[in-house]
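Protein chains in written order, with my numbering: chain A, 1 to 223; chain B, 224 to 446; chain C, 447 to 691; chain D, 692 to 936. Every residue gets a Cβ at the ideal spot worked out from N, C-alpha and C, and that includes glycine. None of the values given here were measured: they were computed from a predicted structure.
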Amino acid sequence: MSEKLSNAQIAWRAAQDIADGAYVNLGIGFPEMVAQYQPPGRQAIFHTENGILGFGEAPPQGEEDWDMINAGKKAVTLNPGAAFFHHADSFAMVRGGHLDVAILGAYEVAENGDLANWSTGPKGVPAVGGAMDLVHGAKRVAVITEHVTKDGKPKLVKRCTLPLTGVGCVTRLYTSLAVIDIEGGHFVLREKLPSISLETLQSLTGAELKLDGPVADLIVPEL
Amino acid sequence: MSEKLSNAQIAWRAAQDIADGAYVNLGIGFPEMVAQYQPPGRQAIFHTENGILGFGEAPPQGEEDWDMINAGKKAVTLNPGAAFFHHADSFAMVRGGHLDVAILGAYEVAENGDLANWSTGPKGVPAVGGAMDLVHGAKRVAVITEHVTKDGKPKLVKRCTLPLTGVGCVTRLYTSLAVIDIEGGHFVLREKLPSISLETLQSLTGAELKLDGPVADLIVPEL
Amino acid sequence: MDKTRATLAEAVADIPDGASVMIGGFGGSGAPIELIHALIDRFAATGSPKNLTLINNNAGNGHVGLAALIEQGMVRKLICSFPRSADPRVFTQKYQAGEIELELVPQGTLAERIRAGGAGIPAFYTPTGFGTLLAEGKAIETFEGRSYVRERWLKADVALIKADVADPYGNLTYRMAARNFNPLMAMAAATTIVQARRIVAAGEIDPETVITPGIFVQYVVEVANPAQEEVLNRAGARYPEGEVA
Amino acid sequence: MDKTRATLAEAVADIPDGASVMIGGFGGSGAPIELIHALIDRFAATGSPKNLTLINNNAGNGHVGLAALIEQGMVRKLICSFPRSADPRVFTQKYQAGEIELELVPQGTLAERIRAGGAGIPAFYTPTGFGTLLAEGKAIETFEGRSYVRERWLKADVALIKADVADPYGNLTYRMAARNFNPLMAMAAATTIVQARRIVAAGEIDPETVITPGIFVQYVVEVANPAQEEVLNRAGARYPEGEVA
Chain A
1 MSEKLSNAQI
11 AWRAAQDIAD
21 GAYVNLGIGF
31 PEMVAQYQPP
41 GRQAIFHTEN
51 GILGFGEAPP
61 QGEEDWDMIN
71 AGKKAVTLNP
81 GAAFFHHADS
91 FAMVRGGHLD
101 VAILGAYEVA
111 ENGDLANWST
121 GPKGVPAVGG
131 AMDLVHGAKR
141 VAVITEHVTK
151 DGKPKLVKRC
161 TLPLTGVGCV
171 TRLYTSLAVI
181 DIEGGHFVLR
191 EKLPSISLET
201 LQSLTGAELK
211 LDGPVADLIV
221 PEL
Chain B
224 MSEKLSNAQI
234 AWRAAQDIAD
244 GAYVNLGIGF
254 PEMVAQYQPP
264 GRQAIFHTEN
274 GILGFGEAPP
284 QGEEDWDMIN
294 AGKKAVTLNP
304 GAAFFHHADS
314 FAMVRGGHLD
324 VAILGAYEVA
334 ENGDLANWST
344 GPKGVPAVGG
354 AMDLVHGAKR
364 VAVITEHVTK
374 DGKPKLVKRC
384 TLPLTGVGCV
394 TRLYTSLAVI
404 DIEGGHFVLR
414 EKLPSISLET
424 LQSLTGAELK
434 LDGPVADLIV
444 PEL
Chain C
447 MDKTRATLAE
457 AVADIPDGAS
467 VMIGGFGGSG
477 APIELIHALI
487 DRFAATGSPK
497 NLTLINNNAG
507 NGHVGLAALI
517 EQGMVRKLIC
527 SFPRSADPRV
537 FTQKYQAGEI
547 ELELVPQGTL
557 AERIRAGGAG
567 IPAFYTPTGF
577 GTLLAEGKAI
587 ETFEGRSYVR
597 ERWLKADVAL
607 IKADVADPYG
617 NLTYRMAARN
627 FNPLMAMAAA
637 TTIVQARRIV
647 AAGEIDPETV
657 ITPGIFVQYV
667 VEVANPAQEE
677 VLNRAGARYP
687 EGEVA
Chain D
692 MDKTRATLAE
702 AVADIPDGAS
712 VMIGGFGGSG
722 APIELIHALI
732 DRFAATGSPK
742 NLTLINNNAG
752 NGHVGLAALI
762 EQGMVRKLIC
772 SFPRSADPRV
782 FTQKYQAGEI
792 ELELVPQGTL
802 AERIRAGGAG
812 IPAFYTPTGF
822 GTLLAEGKAI
832 ETFEGRSYVR
842 ERWLKADVAL
852 IKADVADPYG
862 NLTYRMAARN
872 FNPLMAMAAA
882 TTIVQARRIV
892 AAGEIDPETV
902 ITPGIFVQYV
912 VEVANPAQEE
922 VLNRAGARYP
932 EGEVA
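This is the structure in structure tokens:
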């Protein structure tokens with residue numbers, strides 16, 4: 001597997017599925033990149049767990065206000081039409097189904113939609129944050145991820161082996177090789193890199209890739 | 224029974240037990256009178272279910288603002304330090320035990336602290352409002368009431384016969400004849416009009432009046 | 447992103463027969479009279495929407511607003527805490543004639559059920575109503591020796607909301623105690639329709655003072671000089687105007 | 692009625708050993724650093740309070756504020772959602788040494804449990820955590836075919852709150868996203884102690900913009916130029932100053 005998408009390219013692809021005016025929560029870290037690739041003419045409204053709707057880019061260095069941060073504790077700015085609220089209202093938005101999409105990272109995703117992204121096991125200090133709330137709240141829960149681990153093992157699996165974040169919650173995956181929906185307890189392949197064969201992609205995936213229509217080419221700009 | 228307190232005098236007596244700075248909810252109607260008789264030097268903060276803390280007297284006629292009303296839908300004014308909030312926050316204050324005292328009217332109060340004050344039976348249109356919340360929320364639930372009904376029947380009874388507002392919730396009664404605590408499932412007489420004998424008072428009361436110390440004279444100014 | 451709509455008629459055009467409709471307000475304070483009257487106009491013209499389930503604290507007063515909606519025969523069921531008012535005749539007559547169903551809910555429980563609906567909490571426990579007729583048939587649980595009633599969330603297809611200031615994103619402020627149930631209902635409905643006294647540009651509402659963030663709002667219509675129920679009733683108004691039911 | 696106190700020391704003087712203490716903030720934003728440091732000063736002088744159970748979203752950062760409280764050995768147990776930060780070493784070492792207990796709670800569940808504590812709701816159901824390790828041992832219930840976890844309210848003896856503006860009645864506003872857990876914790880504690888950047892006369896806070904009504908507040912102390920955790924940490928600060936643990 002020589003060719004794969006960069007993180008920026010995965011983020012770009014995920015951004016293309018976000019409608020104008022959508023309310024979006026991006027997980028800490030890699031998912032935050034999605035905000036940079038909104039298609040021209042579309043503007044999503046970003047939600048952060050700690051009580052801002054409508055935050056914008058990071059301020060220039062030295063101009064941070066540490067009372068205006070996102071869930072990753074990075075300084076942000078406000079877009080016009082922003083609002084502040086407390087944590088219970090913030091998670092009312094999440095749990096109450098008001099977010100259009102949450103885009104999260106993953107350690108493992110299973111074909112039944114189970115997600116593991118908060119704990120790599122009993123070692124170390126466990127930390128969960130808002131991930132368990134987000135996976136059961138947003139209307140659509142998408143994952144962006146490398147297709148395989150650094151060791152080349154599948155991250156898309158039949159059943160998760162790591163502690164779960166949520167049960168049956170993920171509906172779409174944007175990986176470094178493909179776009180895959182989860183439907184009826186199965187991975188359904190929607191798009192793949194033109195340079196990778198279906199067989200190779202299957203061999204890098206821990207559960208069967210179903211087809212229920214044409215598989216589009218996953219074409220992403222240089223970034 | 225010739226002598227008894229007027230409603231204003233009952234309200235006055237109840238007002239004497241409200242500490243400076245107490246947070247108070249007064250039921251619709253008769254209990255609202257209590258606000259007029261705060262002792263000099265004391266200022267309670269009045270809560271209304273529809274989302275005001277710190278409201279004051281009625282405005283002059285013609286100067287009402289119908290967006291600034293109390294739970295009885297009467298126009299009010301604001302005192303300095305007032306706040307507006309929505310209904311869920313308002314009843315968080317009630318249910319969460321943040322009010323120091325609620326003073327309510329009653330059809331019947333039983334010696335076990337049960338209160339009936341919302342329904343006179345299956346006839347008519349039932350209406351409950353915030354009474355059922357108030358009786359389980361305030362730190363102290365007091366009742367102000369005539370000692371007997373218009374027909375001369377006891378309102379203080381062994382067990383309520385009307386539909387309950389709350390179970391075991393009332394701790395003090397201010398009646399037209401006496402001040403009575405509810406302790407350990409019994410009426411305990413604290414004060415009575417000097418002109419009424421204990422025997423007469425007992426005959427007007429539907430359950431035993433216990434004594435666990437001296438009974439003070441219930442002395443109230445002309446109002 | 448622009449949630450503003452030019453007319454009240456446009457804003458209420460899609461509410462179907464049989465819908466559950468939360469209506470903000472406590473008595474006349476915060477009641478979206480013009481949105482309600484637009485719904486009555488639509489019913490007069492098209493026969494829809496009908497068989498509505500309304501959720502409000504009260505049951506209307508006089509012959510305008512909520513009372514007029516009931517008087518027109520558009521309402522199948524009312525969920526409220528206090529179906530009394532200065533002039534409750536419209537509801538009382540329908541109720542006593544068996545033409546409208548009533549679900550009576552303690553006021554704080556009503557507020558909390560709506561908030562739960564908006565917050566994704568399907569059920570919660572409250573001390574309110576324990577041991578009373580209004581807890582009959584409900585699950586009871588004991589925590590730390592005290593008994594509580596289990597209550598379910600309340601959601602609706604539509605909420606009709608009266609705000610003070612709005613922006614095109616649907617951010618809202620309210621006027622004094624007209625706030626009451628409005629922010630909760632905005633959270634709990636699939637489609638939240640707002641009448642605002644003033645619509646300003648995005649960014650003109652201080653983000654610190656937004657009471658309802660726009661995520662809870664779908665449509666906003668400006669009604670610059672909203673009628674107040676108390677004032678209409680003191681003038682003996684009826685809606686539709688001049689009609690005697 | 693005047694809830695203001697002249698000094699931080701006076702405001703935190705009555706917190707007993709073994710108390711449960713909610714501390715506002717999300718990371719450094721909204722963290723009441725000066726109140727925390729006053730508590731550390733008291734401990735240094737008197738040996739109390741100790742064996743505290745802290746409730747916060749995080750577990751501290753660097754060697755100031757919450758982290759310093761832990762570093763001084765005053766904390767028996769921490770209830771939080773995310774015990775990681777730029778520099779979480781203080782907590783991590785205590786945790787790995789078995790010197791501090793951790794109750795990990797999903798962030799939205801933590802917020803809702805605290806709100807429930809303040810609102811008199813002893814338990815509620817949430818979809819969050821169903822089927823995960825964090826729901827183990829908890830009651831599960833199905834509503835409309837979906838599974839939910841029952842969660843209990845969370846209350847505390849004391850809340851330490853950082854506000855922006857306060858008045859003598861305890862009405863509070865916050866600064867931007869520093870609001871976070873602060874208004875919820877103010878509701879859920881028996882004694883709520885506030886540090887405010889500015890205390891104004893009663894009536895000077897617009898009643899429309901009050902976020903925490905004074906009914907939830909017991910003491911208010913003015914801290915005109917509060918330290919920000921991120922700034923202290925970038926400067927390598929420790930509390931008590933100069934101390935190397």
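Asked: Which listed residue (Ala681/C, Gln553/C and Asp610/C) has its alpha carbon closest to that of Thr655/C; Found: Asp610/C
Asked: Which listed residue (Thr165/A, Ala142/A and Val24/A) has its alpha carbon closest to that of Asp114/A; Found: Thr165/A
Asked: Phe589/C burial status per 10 Å Cβ neighbour count (16 or more: buried); Found: exposed
Asked: Phe627/C to Ala788/D span [Cα, whole Å]; Found: 50 Å
Asked: DSSP-derived helix/strand/coil call for Met468/C; Found: strand
Asked: Chain B residues whose Cβ lies nearer than 9 Å to that of Phe662/C; Found: Neighbours of Phe662/C on chain B: none; closest Cβ ~12 Å, over 9 Å.
Asked: Check whether Glu545/C and Ile525/C have beta carbons under 7 Å apart; Found: no
Asked: Neighbour list for Asn626/C in chain B, Cβ cutoff strictly below 7 Å; Found: Asn273, Gly274, His309 and His310
Asked: Minimum Cβ-Cβ distance from Ala315/B to chain D less than 7 Å; Found: yes
Asked: For Gly206/A, the residue or residues it bridges with in DSSP; Found: Val157/A
Asked: Whole-angstrom distance between Gln36/A and Glu650/C, CA atom to CA atom; Found: 26 Å
Asked: Inter-residue spacing [alpha-carbon to alpha-carbon] between Glu222/A and Leu78/A; Found: 29 Å
Asked: Minimum Cβ-Cβ distance from Val348/B to chain C less than 7 Å; Found: yes
Asked: Min CB distance Asp652/C to chain A below 7 Å; Found: no
Asked: Nearest-angstrom Cβ-Cβ length linking Ala918/D and Met876/D, presumed shorter than 8 Å; Found: Between Met876/D and Ala918/D the Cβ distance is about 20 Å, and since that is not below 8 Å, they are no contact.
Asked: Within-7 Å CB hit, Ala881/D to chain B; Found: no
Asked: Paired residues, beta bridge with Ile645/C - DSSP; Found: Ala612/C
Asked: Beta-bridge pairing of Arg598/C - partner residues as DSSP gives them; Found: Ala569/C
Asked: Cβ-based burial, Ala921/D [other Cβ within 10 Å; buried from 16]; Found: The sequence shown places Glu at residue 921/D, rather than the Ala named in the question. The residue in question, Glu921/D, is buried, as its Cβ has 16 or more Cβ neighbours within 10 Å.
Asked: Nearest candidate by alpha-carbon position, reference Ile180/A, set Pro122/A, Thr161/A, Gly213/A and Gly54/A; Found: Gly213/A
Asked: For Leu173/A, the nearest candidate out of Pro163/A, Ser197/A, Thr205/A and Lys153/A (CA to CA); Found: Thr205/A
Asked: As assigned by DSSP and simplified to three states, the class of Asp89/A; Found: helix
Asked: Any C-beta of chain C under 7 Å from that of Ala814/D; Found: yes
Asked: Interface residues of the stretch 315-330 of chain B facing chain D [CB-CB below 7 Å]; Found: Ala315, Met316, Arg318, Gly319, Gly320 and His321
Asked: As assigned by DSSP and simplified to three states, the class of Val351/B; Found: coil
Asked: Any chain D beta carbon closer than 7 Å to Ala691/C; Found: Bear in mind that a pLDDT of 47 at Ala691/C, under 50, signals an unreliable position, so the model cannot answer this.
Asked: Continuous beta strand (DSSP E) assignments of at least 3 residues falling wholly in the stretch 11-98 of chain A; Found: 23-26, 45-48, 52-55 and 78-84
Asked: Minimum Cβ-Cβ distance from Trp66/A to chain D less than 7 Å; Found: yes
Asked: Gly264/B at chain D interface by Cβ criterion, 7 Å; Found: no
Asked: The stretch 60-76 of chain A touching the stretch 88-106 of chain A, judged by at least three CB pairs closer than 8 Å; Found: no
Asked: Runs of beta strand (DSSP E) wholly within the stretch 530-565 of chain C (minimum 3 residues, chain order); Found: 547-550
Asked: Interface partners of Tyr860/D on chain B, CB under 8 Å; Found: Ile268, Gly277 and Gly304
Asked: Gly184/A CB to nearest heavy atom of the ligand ZN below 6 Å; Found: Annotation note on the ligand ZN: not contained in the displayed structure, which lists no ligands.
Asked: Own chain residues within Cβ distance below 6 Å of Val914/D, not counting five before or after; Found: Glu725 and Gln886
Asked: For Arg488/C, the three-state DSSP class (helix, strand or coil); Found: helix
Asked: Residues of its chain near Pro59/A, where Cβ-Cβ distance is below 6 Å and the 5 sequence neighbours each way are ignored; Found: Ala75 and Thr77
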